[in-house]
Amino acid sequence: MFQQQPWMQQQYLTPTQQGPALPYQIPTEQPFMQQQPFFGQQQVPQQFLPGAPMPTPPGFAQQFPMTPPPEPGMLPLEQSYIENILRLNRGKVGTFYMTYENNVEWNAKIFRGIVEEAGRDHIIISDPQNGKYYLLLMLNLDYVVFDEPIEYEYPFGAAPAPMATYSPR
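Per our numbering, residue 95 is the first one in the sequence shown, and the count goes up by one each step.
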């Protein structure tokens, strides 16, 4: 028959004890996921190499998020990063609204210039009025206002510049 293991017992905190009255399982003597060998099965310790992926238990299917195919003429979801949109609009004049938290001198600052380049964490703009180039961090970017319509759609099958794609973290 079925024998209850000590780790299967649940203990609940009451309102008089320290802590909330919600049920929480408190581990007792043994770890929660201890593997017990089946009848006639020999228990062999598994070894894992550092950095190697953990093996998937039998009967457990690993699921990956499904990404719908992009519509013709639209950026695919995983490539619709701000940097890619800014790259599509190189050479256009924009107003960049930035916020710098905990800065007593200037908490918010506005930059106006021509989009030169954009990366994963930065934007480079140039100011034709004074000839200066600004390297702005995406971290501080609130939003951008352009004086003309922005480019967001690619012609189907052709991209004017390489788009950034990143592996998931």
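Yeah, the Cβ is synthetic: ideal placement off N, Cα and C, and Gly gets one too.
Quick caveat, the model's predicted, so the values are computed rather than measured.
Close Cβ partners of residue i (< 6 Å) along its chain, the five nearest in sequence each way excluded
i       : result
Phe-240 : Lys-186, Gly-188
Val-221 : Strictly speaking, residue 221 in this sequence is Asp, with Val absent from that position. So the qualifying residues of the chain are Gly-207.
Lys-203 : Met-192
Glu-199 : none
Tyr-118 : Any reading at Tyr-118 must be qualified, since the residue scores a pLDDT of 48, below 50, and its modelled position is unreliable; the value itself is stated next. No residues qualify anywhere along the chain.
Supposed close pair residue i, residue j - CB separation, criterion 8 Å
i       : j       : result
Gly-213 : Glu-177 : 6 Å
Met-192 : Asn-234 : 4 Å
Glu-210 : Tyr-237 : With 8 Å as the limit, Glu-210 and Tyr-237 do not qualify as a contact, their Cβ atoms being about 19 Å apart.
Residues near residue i by beta carbon distance below 8 Å, same chain, minus five either side
i       : result
Glu-195 : Asn-201
Leu-229 : His-216, Ile-217, Ile-218
Asn-183 : Val-209, Phe-240, Ile-244, Glu-245
Asn-197 : none
Any chain B beta carbon closer than 8 Å to residue i
i       : result
Asn-196 : Among the protein chains of the structure shown there is no chain B, as only one such chain exists.
Beta-carbon contacts of residue i that lie in its chain and below 7 Å, excluding the five residues immediately before and after
i       : result
Leu-231 : Asp-215, His-216
Phe-205 : Phe-190, Met-192, Ile-219, Tyr-228, Leu-230
Glu-242 : Lys-186
Original post:
Which ranges does the beta strand (DSSP E) cover as unbroken runs of at least 3 residues, wholly within the region 177 to 236, from first to last along the chain?
Top reply: Taken in chain order, the whole beta strand (DSSP E) runs of length 3 or more contained in the region 177 to 236 are 187 to 193, 202 to 212, 216 to 221, 226 to 231.
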